[in-house]
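A short worksheet on the structure shown next.
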Amino acid sequence: MDEKSKKEVTDGVKSKLVSQLTSGTTTSLDGMVNFANSAFTMLNLFGSDYGSFYNDVKDLIKPKYYLLTADRKLDMLSVSELEEKYLDAVTKEEQCVKGDEQK
-18 MDEKSKKEVT DGVKSKLVSQ LTSGTTTSLD GMVNFANSAF TMLNLFGSDY
32 GSFYNDVKDL IKPKYYLLTA DRKLDMLSVS ELEEKYLDAV TKEEQCVKGD
82 EQK
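In terms of my numbering, the sequence shown opens at residue -18 and continues consecutively.
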């Protein structure tokens, strides 16, 4: 394959990857990473130098990763808040039982 054809193919792969990541059709982090990895595999097969493009793609995916980890932290906080409420309820119950025993 001549260099012009290789460039057309690699430019098309890059364009499709950016389009897929920015269009919102791939919404899961795993889907985004898998699609990107497939695209980079194709670029690699054609001997494309994609160093700076790789960093740009990482920058496109990072916000999704940060959002996912933030959601997980919120879920964890929710569990700890439930734990705290449970412990408060148990403590209040114990205080009520002790108060009844002292009467």
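Even for Gly, the Cβ is constructed at its ideal location relative to N, Cα and C.
- Going by DSSP, Asp11 is part of the alpha helix (DSSP H) stretching over Leu10 to Leu26.
- For the 7 Å CB-CB criterion, Met23 and Val(-1) do not form a contact.
- Only buried fits Val38, as 16 or more other CB atoms lie within 10 angstroms of its CB.
- Straight across, the Cα-Cα distance linking Thr8 with Tyr35 is about 19 Å.
- The beta carbon of Glu75 sits closer than 7 Å to no other beta carbon from its chain once the five residues preceding and following it are set aside.
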